[in-house]
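Visitor: Sending over a structure as structure tokens; questions will come in a sec.
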Amino acid sequence: MAKLPERKFMVENLRTPGDELTGRATEQRVAVAIRDFFKEIGFDLHGLEITIKRYGYMPDESSVHDNRYWATFHVDQPSALEIWEQQRGISRRIKKWNQETLGEDEEESKFVVLKRYQGTRFEAVLTTLQKVLNILRKDTYKTVDGFRMEIVKNEILLYFDKILQETFTIETIYKKYKEAFNEAVLNLRNEDLRESMFEMVEQLDRQIDKLNNNNRKREFFEEADDTLSGACSPPSPKIAHFNTPISQKPKNFNDF
1 MAKLPERKFM VENLRTPGDE LTGRATEQRV AVAIRDFFKE IGFDLHGLEI
51 TIKRYGYMPD ESSVHDNRYW ATFHVDQPSA LEIWEQQRGI SRRIKKWNQE
101 TLGEDEEESK FVVLKRYQGT RFEAVLTTLQ KVLNILRKDT YKTVDGFRME
151 IVKNEILLYF DKILQETFTI ETIYKKYKEA FNEAVLNLRN EDLRESMFEM
201 VEQLDRQIDK LNNNNRKREF FEEADDTLSG ACSPPSPKIA HFNTPISQKP
251 KNFNDF
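Residue numbers for the sequence shown, in full-length UniProt numbering: 1 to 256.
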């Protein structure tokens, strides 16, 4: 039996007006914006049903009017089949829509992105990055001091006087800003997201332990070489590299 088309999707940089009272978009408005986006990029979906699983605001210091949101959502199975059948050229259509709607001068990091939902880990890391960014903006890299921070894909970019200074992955944040990282994870409202990040921390700790053990072994051999005349140091052990769980290039619709 053939596998049914994927029903779970994620959208980033979706723009929709906020509520008049709260200033933030409601779940209903996000769903309407997603429905409109599908239509505008050329999908002809009959009876599309959208179920919002979670969504969040993507704050932007450069503009108070730039109401961008991310959302994870499911569509009904018939619509999933229609999306699969009509997905040819979707990447090109989305790129064209972004350029025509937002303007070619807009940063690509703010283009609307539609992709398959990549699981709880992906959402957990993205949400944690958002919370860490807010903490660092408030306590460490303040706007009044000339700093600007934004999230691009799976990283936080730090600018000073409009010049890129540093790039933070979730791994570098865990090592360099552990207090902010822990605060962000503990404040995740969803238990599944917190559990996913706890599992990730365990993986990072194991990698760090392995790295430290390799360094200690290398130091031991280097010290031993000093006591032997003409002895050669053994090859340095390979250093374990951190692999960002969500850093792989997301599949586009043509990969269905």
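Here a beta-carbon is modelled for each residue, glycine too, at the ideal position from N, C-alpha and C.
Keep in mind the model is a prediction, meaning the values are calculated, not measured.
1) Please confirm whether K131 and N187 have their CB atoms less than 8 Å apart.
2) Could you give the first and the last residue of the continuous beta strand (DSSP E) run that contains Q165?
3) Secondary structure at V112, three-state DSSP: helix, strand or coil?
4) Is the distance from the Cβ of R35 to the Cβ of P17 below 8 Å?
5) For A71, which three-state DSSP category applies?
6) Helix, strand or coil: which one does DSSP assign to R194?
7) Whole angstroms is fine: what's the gap from E166's alpha carbon to K178's?
8) Determine, using beta carbons only, whether T143 and E155 come nearer to each other than 8 Å.
9) Based on the DSSP output, what are the partners of L129 in its beta bridges?
10) Pairing CB atoms from the segment 90-105 with CB atoms from the segment 45-57, are three or more of them under 8 Å?
11) Locate the alpha helix (DSSP H) running through K178, then write down its first and last residues.
12) In three-state DSSP terms, what is T51?
13) Check each candidate in R24, A180 and N214 and name the one with the smallest Cα separation from L133.
14) Assuming M197 and A124 form a contact by the criterion Cβ under 8 Å, report the distance between their Cβ atoms to the nearest whole angstrom.
15) Can you tell me whether F38 is helix, strand or coil according to DSSP?
16) With burial defined as no fewer than 16 other Cβ atoms inside 10 Å of the residue's Cβ, what is the status of N98: buried or exposed?
17) Confirm, please, whether the CB-CB distance from F9 to K115 is below 8 Å.
Guide: Checking against the coordinates, here is how it stands:
1) It is a contact, given that the beta carbons lie within the stated cut-off.
2) For Q165, the enclosing beta strand (DSSP E) has its first and last residue at I163 to F168.
3) If DSSP states are grouped into helix, strand and coil, V112 belongs with coil.
4) Here R35 is not near P17, since their CB atoms are 8 Å or more apart.
5) In the three-state reduction of the DSSP assignment, A71 falls in the strand class, which pools E and B.
6) If DSSP states are grouped into helix, strand and coil, R194 belongs with the helices.
7) Their backbone Cα atoms lie some 17 Å apart in a straight line.
8) No, the Cβ-Cβ distance between T143 and E155 is not below 8 Å.
9) According to DSSP, which records beta bridges pairwise, L129 is partnered with nothing at all.
10) The segment 90-105 vs the segment 45-57: no contact.
11) K178 to L186 is the span of the alpha helix (DSSP H), which, as asked, contains K178.
12) If DSSP states are grouped into helix, strand and coil, T51 belongs with the strands.
13) Measuring C-alpha to C-alpha distances from L133 to each of R24, A180 and N214 identifies A180 as the nearest.
14) Confirmed, about 5 Å.
15) Helix at F38.
16) Counting Cβ neighbours within 10 Å, N98 comes out buried, since at least 16 surround it.
17) A distance below 8 Å separates the beta carbons of K115 and F9.
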